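Right, one structure below, let's go through it.
2 protein chains.
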Amino acid sequence: MRIIVDAFGGDNAPLEILKGCEMAVKKFGVEILLTGSEEVIRRVAKDNNISLEHMEILDAPDVIGMEEHPNELRKSKKNCSLAVALRALDEGLGDGFVGAGSTGATLMGATTIVGRIKGVKRPALAPVMPKSEGVFMLIDCGANADCRAEMLAQFATMGSVYMEKVMGVKNPRIGLANVGTEDTKGDALRQETFPLLQQSGLNFVGNIEARDIPYDACDVVVCDGFTGNIILKLYEGVATALFGMIKGVMMSSLKTKIGAALIKKDMYTLKSKLDYNEYGGAPFIGVKKPVFKAHGSSMALTFCNAIGQAKTYIEADVVGAISAAMAGDSSEQ
Amino acid sequence: MRIIVDAFGGDNAPLEILKGCEMAVKKFGVEILLTGSEEVIRRVAKDNNISLEHMEILDAPDVIGMEEHPNELRKSKKNCSLAVALRALDEGLGDGFVGAGSTGATLMGATTIVGRIKGVKRPALAPVMPKSEGVFMLIDCGANADCRAEMLAQFATMGSVYMEKVMGVKNPRIGLANVGTEDTKGDALRQETFPLLQQSGLNFVGNIEARDIPYDACDVVVCDGFTGNIILKLYEGVATALFGMIKGVMMSSLKTKIGAALIKKDMYTLKSKLDYNEYGGAPFIGVKKPVFKAHGSSMALTFCNAIGQAKTYIEADVVGAISAAMAGDSSEQ
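Shown next, in the form of structure tokens:
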């Protein structure tokens, strides 16, 4: 299996990306096709004793920045490392793509260069996140700020396929993120989506209130990209703020410092269980080939984990399963 | 000062409501006008040794349930304790209202019986919530699921007045809850709202990402009621889930149990600081007279705190200040 990697995507590129690739080659036995300035890649690898074994390089000296408009990928930045990587994916030079660069530019490239699965209205960015027991998929979490009800219904189908194929969840429970559990709750978008999910043939368990998301309410939380991004980032923000405050409590007196020393190790385990960076990345579900977005601030381990997730995604043939589901969808209509 | 209280609103009515009123009479020196079945109120008070001193009762044997449609307040439940209370407020029998009953019915009654401040498009439910340092106001958190940009701009004005008048924050910082900090981020609603806030004359500090909300990003977080409700409940859910998991960690071995014993007290202090129930209630801002919604599951202390908040709201003449701000708004247009 060969993974195409944008060596210049993300805040810590190319060093941490290269380190992550080296780890992934060893850990997952994959081949890597790097895109980016060959000269810089070879120099950084040499300076940091990173082995480039099982890796090839596709030279692309240009880079698209996090602050640049995604449209530049089709204009002034046609030959940046990200565009070159996605064209390589489209041309079949690898089995999937992983990058930590701009979300907007990656989505733009995934949609325009690689293309959508037939029948998919919009690809969605869908991370798998920790909850009190196990994990859940949040779909969409930022690819589509404004959504229509049919898009949310498709997100549900794609999320269900993913949780079944990749995470091994049988008959995944689908929940609609909403402001109350009653059928009629929510804004116009939720009220239109609810009956579509009821008729979808999926295991729809109804509306899910935000307070129940961290518990085992469902396996797939369906929402528009605006709401999903709020959920994703607030999840992260509240947990981080709380751990910070707890640290403050623990350091407040000699007594609490002693107490802290005794539980520190177990607290770290919990913290890392809740850290969604540990989970590596999130797929752009609905794209014709596997495209994974790693966290922009990915360090080597996170990036390596994202490659591992991409590998599972490829092996499980999620793209094939979604194509089949979409074909079924349209034949029913 | 006289506060009108629906004795039959909420999960723990009337017992905890009556206890809360008794506490509030002592703590805040207010008079109370209770609405509800006089017979039941007197019996429950007697059975539980609750003093009804400084309280009067307006008999209203009927109750509107949490599951009933808010419209029933104007139809079959015209004479329920909530409707009677809001009519009493409208007629000037008290200075403000506090109730723990159905949010939808309270909003319906506040809008149709008491009425909006002139110029206010929609009243908003706006709780004050804890953050790492101090508090912030979340407006709207559930009164209006679907909003237009002008409504969000008004929420900003009303939130600013509240934080200045009631919480003593000078020149409150207004943030727009959004998916990124750049000016152009977000869905259509956010993109329309951003320039309105820039032109508002308020201390608008720009878009706020959800991960920054628990920190000291701003004093007023502006959003539509759907998003606000997701934020409110996820805030609560993540914090509760995390404390639950931490408790699990602490009870996992003898060593951690000893550690836990040493920090338990300080952890409880932190937990109660973060518990938004401690803050009592949230005003329906934009209504002509002070209407406070206490948490549906309010126990006596929470309800007492809600009465305290209502008292501050009345003393600060928030209604007068918002009326003035709205008059200024319309003269500018």
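So the sequences go chain by chain: W and P. Our numbering puts the first residue of the first sequence at 2, with every later residue one more than the last. Our numbering puts the first residue of the second sequence at 2, with every later residue one more than the last. The beta carbon of each residue, even a glycine, is placed where N, CA and C say it ideally should be. Predicted model, so just to flag it, every value in this text is computed and none were measured.
Practice item. List the whole-angstrom C-beta distance separating residue 217 of chain W from residue 299 of chain W, where the pair is believed to meet the contact cut-off of C-beta under 8 Å. Key: Taking the first sequence and counting its residues from 1, one reaches residue 217 of chain W at position 216. Taking the first sequence and counting its residues from 1, one reaches residue 299 of chain W at position 298. So it is not a contact: roughly 28 Å between Cβ atoms.
Practice item. Compare the C-beta of residue 284 of chain P with all C-beta atoms of chain W and state if any pair is closer than 7 Å. Key: What you label residue 284 of chain P is simply residue 283 of the second sequence in a count that begins at 1. Residue-level contact by beta carbon fails for residue 284 of chain P and chain W, as no gap is shorter than 7 Å.
Check your understanding: Which two residues bound the contiguous beta strand (DSSP E) that contains residue 36 of chain W?
Key -> The residue given as residue 36 of chain W occupies position 35 in the first sequence. Counting along the chain, the beta strand (DSSP E) containing residue 36 of chain W begins and ends at 32-37.
Check your understanding: Are residue 97 of chain P and residue 10 of chain P touching if we call contact CB-CB under 7 Å?
Key -> Residue numbering aside, residue 97 of chain P sits at position 96 when the second sequence is read from its first letter. Residue numbering aside, residue 10 of chain P sits at position 9 when the second sequence is read from its first letter. In this structure, residue 10 of chain P does not lie closer than 7 Å to residue 97 of chain P by Cβ.
Check your understanding: Just how far apart, CA to CA, sit residue 215 of chain P and residue 139 of chain W?
Key -> The residue you call residue 215 of chain P lines up with position 214 of the second sequence. The residue you call residue 139 of chain W lines up with position 138 of the first sequence. Taking the straight line from one Cα to the other gives about 21 Å.
Check your understanding: Can you list the residues of chain P that residue 228 of chain W reaches, using a CB-CB cut of under 8 Å?
Key -> On the first sequence, residue 228 of chain W is found 227 positions in, with the first residue counted as 1. In chain order: 227, 228, 231.
**Study point:** Euclidean distance between Cα positions of residue 113 of chain W and residue 88 of chain W
**Key:** Sequence index remark: in the first sequence, residue 113 of chain W carries index 112 (1-based). Sequence index remark: in the first sequence, residue 88 of chain W carries index 87 (1-based). Pairing residue 113 of chain W with residue 88 of chain W, the inter-Cα distance amounts to about 10 Å.
Check your understanding: In three-state DSSP terms, what is residue 316 of chain W?
Key -> Position 315 of the first sequence, counted from the first residue, corresponds to residue 316 of chain W. Residue state for residue 316 of chain W is assigned as helix, using DSSP reduced to three classes.
Point to revise | Cβ-based burial, residue 40 of chain P [other Cβ within 10 Å; buried from 16] | key: The count along the second sequence starts at 1 and reaches residue 40 of chain P at position 39. The residue is exposed, with fewer than 16 neighbouring Cβ atoms inside 10 Å.
Check your understanding: With DSSP run on the structure shown, which of helix, strand or coil describes residue 291 of chain P?
Key -> Numbered from its first residue, the second sequence carries residue 291 of chain P at position 290. Correct three-state label for residue 291 of chain P: coil.
Check your understanding: Using a beta-carbon distance below 7 Å, is residue 210 of chain W in contact with chain P?
Key -> Walking along the first sequence from the start, residue 210 of chain W turns up at place 209. Residue 210 of chain W counts as touching chain P.
Point to revise | Straight-line Cα distance separating residue 2 of chain W from residue 231 of chain P | key: For this step, residue 231 of chain P is matched to residue 230 along the second sequence. For this step, residue 2 of chain W is matched to residue 1 along the first sequence. Annotation: residue 231 of chain P to residue 2 of chain W spans about 41 Å, alpha carbon to alpha carbon.
Practice item. Taking all protein chains shown into account, decide if residue 252 of chain P is buried (16 or more other Cβ within 10 angstroms of its Cβ) or exposed. Key: Reading the second sequence from its first residue, position 251 is the one you call residue 252 of chain P. Classification of residue 252 of chain P: exposed, given that the 10 Å Cβ count is below 16.
Check your understanding: Leaving out the 5 sequence neighbours to the left and right, which residues in its chain are closer than 8 Å to residue 181 of chain W when beta-carbon positions are compared?
Key -> Counting from 1 along the first sequence, the entry for residue 181 of chain W is found at position 180. 187, 208, 210, listed in sequence order.
Check your understanding: Straight-line CA distance for residue 92 of chain W to residue 83 of chain W?
Key -> Working through the first sequence from its first residue, we reach residue 92 of chain W at position 91. Working through the first sequence from its first residue, we reach residue 83 of chain W at position 82. Cα to Cα, the separation comes out at about 14 Å.
Point to revise | As assigned by DSSP and simplified to three states, the class of residue 23 of chain W | key: Mapped onto the first sequence, residue 23 of chain W falls at position 22. Reduced to three states, the DSSP call for residue 23 of chain W is helix.
Practice item. Take residue 316 of chain W as the anchor and find which of W:57, W:206, W:31 has the nearest alpha-carbon. Key: Residue mapping note: residue 316 of chain W aligns to position 315 of the first sequence, counting from 1. Answer by Cα proximity: W:31.
Point to revise | Beta-carbon proximity check, residue 4 of chain W vs residue 264 of chain W, cutoff 7 Å | key: As a position in the first sequence, residue 4 of chain W is number 3, starting the count at 1. As a position in the first sequence, residue 264 of chain W is number 263, starting the count at 1. Not a contact, by the Cβ cut-off of 7 Å.
**Study point:** Proximity winner among P:195, P:171, P:246, relative to residue 269 of chain W (alpha-carbon distances)
**Key:** Taking the first residue of the first sequence as position 1, residue 269 of chain W is located at position 268. Answer by Cα proximity: P:246.
Review point. What is the rounded straight-line gap between the Cα of residue 155 of chain W and the Cα of residue 121 of chain W?
Key: For the purposes of this step, residue 155 of chain W is taken as the residue at position 154 of the first sequence. For the purposes of this step, residue 121 of chain W is taken as the residue at position 120 of the first sequence. Rounded to whole angstroms, residue 155 of chain W and residue 121 of chain W show a C-alpha spacing of 7 Å.
Practice item. Since I believe residue 14 of chain P is in contact with residue 35 of chain P (beta carbons under 8 Å), could you give me their beta-carbon distance rounded to a whole number of angstroms? Key: Taking the first residue of the second sequence as position 1, residue 35 of chain P is located at position 34. Taking the first residue of the second sequence as position 1, residue 14 of chain P is located at position 13. Residue 35 of chain P to residue 14 of chain P, Cβ: 11 Å. No contact.
Practice item. Out of P:129, P:152, P:199, point me to the one whose CA is closest to residue 314 of chain P's CA. Key: Translated into the one-based positions of the second sequence, residue 314 of chain P becomes position 313. Answer by Cα proximity: P:129.
Exercise for review: In angstroms with no decimal places, state the Cα-to-Cα distance between residue 332 of chain P and residue 200 of chain P.
Suggested key: Stepping through the second sequence from its first residue, residue 332 of chain P is reached at position 331. Stepping through the second sequence from its first residue, residue 200 of chain P is reached at position 199. Any reading at residue 332 of chain P is ruled out, since the residue's pLDDT is 47, under 50, leaving its predicted position unreliable.
Review point. Excluding sequence positions up to five away, which residues of its chain have a Cβ less than 6 Å from the Cβ of residue 224 of chain W?
Key: Within the first sequence, numbered from 1, the residue matching residue 224 of chain W stands at position 223. Apart from sequence neighbours up to five positions away, the residues of its chain that approach residue 224 of chain W with a beta-carbon distance below 6 Å are 178, ordered along the chain.
Practice item. Mind checking who residue 1 of chain P pairs with in its DSSP beta bridge? Key: Residue coverage of chain P in this structure runs from 2 to 334, which leaves residue 1 of chain P outside it and unanswerable.
Review point. Residue 71 of chain P by DSSP, collapsed to three states: which one?
Key: Here the question's residue 71 of chain P lines up with position 70 in the second sequence. Residue 71 of chain P: helix per DSSP, three-state reduction.
Review point. What is the residue span of the alpha helix (DSSP H) that residue 164 of chain P lies within?
Key: On the second sequence, residue 164 of chain P is found 163 positions in, with the first residue counted as 1. First-last of the alpha helix (DSSP H) with residue 164 of chain P: 150-166.
Practice item. Check each residue of the stretch 55-77 of chain P: if its Cβ is closer than 7 Å to any Cβ of chain W, include it; give the result in chain order. Key: Result list empty, no residue passes.
Check your understanding: Would you say residue 10 of chain W reaches chain P, if we count a Cβ-Cβ gap shorter than 7 Å as a contact?
Key -> Here residue 10 of chain W corresponds to residue number 9 of the first sequence, with the count starting at 1. No, its Cβ sits nowhere closer than 7 Å to a Cβ of chain P.
**Study point:** The beta strand (DSSP E) enclosing residue 94 of chain W, as first and last residue numbers
**Key:** Taking the first residue of the first sequence as 1, we reach residue 94 of chain W at position 93. Residue 94 of chain W -> no beta strand (DSSP E), and no H or E assigned at all.
**Study point:** alpha helix (DSSP H) runs contained entirely in the stretch 224-275 of chain W, provided each spans 4 or more residues
**Key:** Entirely contained in the stretch 224-275 of chain W, the alpha helix (DSSP H) runs reaching 4 residues are, in chain order, 226-251, 255-275.
Practice item. Could you tell me whether any Cβ in chain P is nearer than 7 Å to the Cβ of residue 140 of chain W? Key: Reading the first sequence from its first residue, position 139 is the one you call residue 140 of chain W. Contacts with chain P at 7 Å (Cβ-Cβ) do not include residue 140 of chain W.
Review point. Using a Cβ-Cβ distance under 7 Å, would residue 215 of chain W count as near chain P?
Key: In the first sequence, residue 215 of chain W corresponds to position 214, counting from 1. Closer than 7 Å to some Cβ of chain P, the Cβ of residue 215 of chain W qualifies, so yes.
Check your understanding: If residue 160 of chain W sits next to residue 127 of chain W, beta carbons under 8 Å apart, how far is it from one beta carbon to the other, in whole angstroms?
Key -> Numbered from its first residue, the first sequence carries residue 160 of chain W at position 159. Numbered from its first residue, the first sequence carries residue 127 of chain W at position 126. Going by Cβ atoms, the distance from residue 160 of chain W to residue 127 of chain W rounds to 6 Å, so yes, they are a contact pair.
Point to revise | Cutoff 7 Å: residue 260 of chain W Cβ touching any chain P Cβ | key: Mapped onto the first sequence, residue 260 of chain W falls at position 259. Yes - at least one Cβ of chain P is within 7 Å of the one on residue 260 of chain W.
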